[in-house]
Structures are given as C-alpha cells and as structure tokens.
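See structure below.
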Amino acid sequence: MATPVGSMQEQAMRRKERLKALRQKQQPESEDTENTEPPAKKQLTDEQITEERKPVFKNYNPGDDALKEQLLPKAQLPSVEEHIKDQLEAAKPAPVVEEVDLVNLAPRKPDWDLKRDIAPKLEKLERRTQRAIAELIRERIQSDQGTDLLTAVGAQQPPQEPQGDSSDDD
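Using numbering that gives the first Met the number 0, you'd call the opening residue of the sequence shown number 0 and step up by one each time.
Written out as structure tokens, the structure reads:
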C-alpha cells in the first residue's frame, strides 16, 4: 500500500461532501432548519376528505337509498360467441366455383404446346386446301361439259366397301 492512511481519510471526506452536495441539489429547500417540516402533502381536514371522495359502488349494492343514486350501471360484456363466429367466418376459404375437368387432371403429352401453337396455322391451311380442291373440281367439270356433276364428284372419291358382312376368313 503506497498510499498513507491520511490520504484515504481525505478521499472519504471528499466523497461525503460530494454526496451531501448531491442531496442538497435534489431537495429544493435547504436543510439548515432541522425543526421545519419537510415539504409534504397538505393536511386535509375530515370534511375536505369526504367532499373529495365519493364512494363508487361497483361490486356491491348499498343499503341506503341516498347511496343507491351513485350506483354504477352494470357493464355490458361483449358477446364472445358473436366474436368467435365472426372470426370463423373470416377464416373460411372462399368456395371454389370452377369445376374440375378431366382434361385438366390428365397429364398432357410432351408436344401439347407445339400443337396448341400450330393449330391456327393448320386451320388456315385446311381452308386453303378445301378451296383448292373445290377449284380443281370446278375445272374438271368445265373440261367435261357433257358429264353430270355427281359423276364428276364420284370419280374423285375412292370406292367404298359395303358395310355388310364381309368375312376375310375364307
């Protein structure tokens, strides 16, 4: 211990003085007069206390008719059932109106998107093909002036087999 005992006492005295100064700053009045009462709440008389405080009856019914005037009305409790019903209705998902098609459920072929993209072009090509066939038929009819329209159209179609019993088991 390099510090002598006297210097420790001096440090303790300085700390005490600082603490005393802090206490005086906190209290607005000085503590020079020890006999004076500290600034506390005012002493109220019994009459002032009863005038300021009026009983509020929350949990019990007063017996006196004069006190029944100060009785508070019963509190209305919120309906828990309605609150729960509202929450349950809000939590329900919206019903699905869409009907499920088997086409949407079945897996698609790998080239379905290509067919979808080319379909309008194929329709256009089909219309052109039909026009070309009709034009070829008209040209043949004009070249065969003497033949009937039905025979000209019949010549274009391949002969069909009759739908009867045809057995190939001979």
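Note that CB positions come from ideal geometry on N, CA and C, so glycine has one too.
- Judged by DSSP secondary structure, residue 100 falls outside any alpha helix (DSSP H); it is assigned neither H nor E.
- Rounded to the nearest angstrom, the gap between the Cα atoms of residue 105 and residue 111 is 12 Å.
- Going by C-alpha positions, residue 134 is about 38 Å away from residue 109.
- In terms of Cβ geometry, residue 53 and residue 61 do not form a close pair [threshold 9 Å].
- A direct Cα-to-Cα measurement between residue 144 and residue 123 gives close to 32 Å.
- The C-alpha of residue 117 is placed about 31 Å away from the C-alpha of residue 137.
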